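Numbering (the numbering used here), first residue to last: 1093 to 1346.
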């Protein structure tokens, strides 16, 4: 069961340390201001730091976070990689070693509580089945996302989402809503150069599209498509039975 951390918010500690390097989609909370100290020390972190020279791999952190709050390993891994990059660690996949204070910072930033992290790590070392339960390194290959290799920028992915029947809304950026409720936010596609976006951002976007049923493989069409007339997702059967006679109706798009 997940332990409760009083007064903590996901992504708060990273914001406290790097207020000018806020990842997209992260909300600021009032305590970010009042929790800062004149010495520049991260607020509240001293109570966690018992072994400042110990180092932990991101793969072990992923195992701990997964045990605390579940979630898919892929989402956890991407979050940890981005957080480690913000903290200044070199890219090394799941084998990247971070010190204990930063490890607890990353854990709490993901929404888990670092209270039992050291106990968890000790149990993993002493457990004869530890290697069977924890992934020691991330899978850095893109095999599971290889179907999207032909889509190298967000403009291409928006076209794929529209072809697969997702709801696509344009504003300052692009909001994609899939039939199963997955929401993907993209920056503006205007004047975007091919392959110009951050690779972690690309991986996160592709993983979200796949989770939302937007597939690039043959036969990957979604079971339901968004109908501009009815402003909701409709199955092929509902589209065929639709009595509307308009070019906006899905029945006339098939």
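Don't be surprised by glycine CBs; every beta carbon is placed ideally from N, CA and C.
Quick caveat, the model's predicted, so the values are computed rather than measured.
- Here residue 1189 is bridged, per DSSP, to 1149.
- Here residue 1275 is exposed, its C-beta having fewer than 16 other C-beta atoms within 10 Å.
- By the Cβ-count criterion, residue 1211 is exposed, with fewer than 16 other Cβ atoms from all chains shown falling within 10 Å of its own Cβ.
- Shortest Cα-Cα distance from residue 1159 to any of 1330, 1320, 1213 involves 1213.
- The C-beta distance from residue 1183 to residue 1153 rounds to 15 Å, too long to meet the 8 Å contact threshold.
- Residue 1309 counts as exposed, since fewer than 16 other beta carbons sit within 10 angstroms of its beta carbon.
- For residue 1211, the secondary structure class from DSSP, reduced to helix, strand or coil, is helix.
- Excluding five sequence positions before and after residue 1243, the CB atoms of its chain that fall closer than 7 Å to its own CB belong to 1249, 1252, 1308, given in chain order.
- When the Cα atoms are used, residue 1266 and residue 1296 turn out to be separated by approximately 15 Å.
- In this structure residue 1304 is buried. Its beta-carbon is surrounded by 16 or more other beta-carbon atoms within 10 angstroms.
- Cβ neighbours of residue 1272 within its own chain (closer than 7 Å, five residues either side excluded): 1304, 1305.
- Residue state for residue 1294 is assigned as helix, using DSSP reduced to three classes.
- Under a 10 Å Cβ-count criterion, residue 1326 is classified as buried, with 16 or more other Cβ atoms of the shown protein chains found around its own Cβ.
- With contacts defined as CB atoms closer than 9 Å, residue 1186 and residue 1151 qualify as a contacting pair.
- In this structure residue 1329 is exposed. Its beta-carbon is surrounded by fewer than 16 other beta-carbon atoms within 10 angstroms.
- Under DSSP, residue 1261 takes part in a beta bridge, and its partners are 1267.
- In terms of CA proximity to residue 1236, 1166 leads the group 1317, 1166, 1177.
- When only Cα atoms are considered, residue 1277 and residue 1181 end up about 27 Å apart.
- Out of 1264, 1263, 1269, the CA that lies nearest to the CA of residue 1317 is found in 1269.
- For residue 1158, DSSP assigns no beta-bridge partner whatsoever.
- Residue pairing for residue 1318: DSSP places it in a beta bridge opposite 1325.
- If you compare the alpha carbons of 1301, 1188, 1192, 1279 with that of residue 1257, the shortest gap goes to 1301.
- Secondary structure at residue 1277: strand, using DSSP grouped into helix, strand and coil.
- Burial check for residue 1172: the Cβ neighbour count within 10 Å reaches 16 or more, so the residue is buried.
- Here residue 1169 is buried, its C-beta having at least 16 other C-beta atoms within 10 Å.
- In terms of Cα proximity to residue 1175, the closest of 1197, 1319, 1208, 1193 is 1197.
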